[in-house]
Amino acid sequence: MKRVKKFDLFEHRQEEAFLEEQHANGWMVRSKKRSTYTFEETDPLETEYLIEMVEPGTDPVAWEAYREHLGFTHLFCDRDLHYFYRQKQEERFQKKDTSYRETAVQGILIRRVLRAFFFVILCFAVYKMRVPADKTWLRLLLGGVGVLGLVYYALLSLKSFQELRWLEKNRNE
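Okay, here's the thing in structure tokens:
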């Protein structure tokens with residue numbers, strides 16, 4: 003006579019905590035047979051393990067895709083229990099935040115460079131413009147606005163470029 007062991011949440015959480023601790027020590031679980039785990043060496047990370055069963059009546063592919071959407075990586079399946087892991091939430095959100103900031107700074111940098119380029123074109127147009135002698139003030143005014151705009155947006159672009167380099171340097175550390 004076979005008996006199926008009932009689901010025990012306490013043991014379940016203990017197993018997840020054990021796997022998280024092993025991963026923090028640099029060992030990621032690869033497979034499990036009964037109570038024997040097979041580990042492989044990996045980078046020590048603060049991880050979060052999830053051991054779940056597919057609920058009856060749900061599409062297993064959609065269920066697994068949703069777990070992947072949440073950031074979990076599927077490791078293996080042992081007796082209808084699926085083993086997933088992901089990095090801790092704080093680190094994942096911090097990575098998303100830094101990538102969002104880098105993208106925003108890159109967008110600002112591109113806009114400022116394009117605005118500076120507009121003022122270069124304005125300066126060139128003023129230089130090539132034919133103006134009567136009594137309208138020299140207009141040429142000087144437009145040339146001054148062009149040069150001031152060029153200098154202003156060039157300095158802002160340099161500032162954005164320095165912010166971008168600082169973000170990239172902090173991301174790599």
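When we follow the numbering used here, the leftmost residue of the sequence shown carries the number 3, and every step to the right adds one. Glycine is no exception: its CB is placed at the ideal position from the N, C-alpha and C atoms. Since the model is a prediction, treat every value here as computed from it, not as a measurement.
Cβ-based neighbour list, residue i, same chain, cut-off 6 Å, excluding 5 preceding and 5 following
| i | result |
| --- | --- |
| TYR155 | ARG114, ARG117, ALA118 |
| PRO62 | VAL56 |
| TYR85 | ILE53, LEU77, PHE78 |
| TRP65 | VAL56 |
Buried/exposed call for residue i, threshold 16 Cβ in 10 Å
| i | result |
| --- | --- |
| SER37 | exposed |
| LEU21 | buried |
| THR138 | exposed |
| HIS25 | buried |
| PHE121 | buried |
| VAL31 | buried |
Anticipated Cβ contact below 8 Å, residue i with residue j, distance rounded
| i | j | result |
| --- | --- | --- |
| GLU70 | GLU170 | Their Cβ separation, rounded to whole angstroms, is 28 Å, which puts GLU70 and GLU170 out of contact at 8 Å. |
| THR100 | ARG88 | Contact flag wrong, Cβ pair sits at about 18 Å. |
| ILE123 | SER162 | 21 Å between Cβ atoms; not a contact. |
| LEU157 | VAL107 | With a Cβ gap of about 16 Å, LEU157 and VAL107 do not count as contacting. |
Pairwise C-alpha distance: residue j and residue i
| i | j | result |
| --- | --- | --- |
| GLU18 | TYR51 | 5 Å |
| GLY145 | GLY151 | 10 Å |
| VAL149 | CYS125 | 7 Å |
| LYS34 | GLU42 | 12 Å |
| VAL153 | ARG173 | 30 Å |
| THR60 | ASP82 | 14 Å |
| TRP168 | TYR39 | 43 Å |
Cutoff 8 Å; reference residue i; Cβ partners in own chain excluding five residues on either side
| i | result |
| --- | --- |
| MET3 | With a pLDDT of 42 at MET3, under the threshold of 50, the predicted position of this residue should be treated as unreliable, and no value is reported. |
Beta-carbon proximity list for residue i, same chain, < 7 Å, skipping 5 on both sides
| i | result |
| --- | --- |
| SER159 | LEU111, ARG114, VAL115, ALA118 |
Practice item. Let me know the beta strand (DSSP E) ranges lying completely inside the segment 74-133, each 3 residues or longer, listed in chain order. Key: Listed in chain order, they are 75-80, 83-89.
**Study point:** Segments assigned beta strand (DSSP E), at least 3 residues, entirely inside the segment 14-66
**Key:** Considered as a whole, the segment 14-66 harbours 29-35, 38-43, 49-55 as its complete beta strand (DSSP E) runs of no fewer than 3 residues, in chain order.
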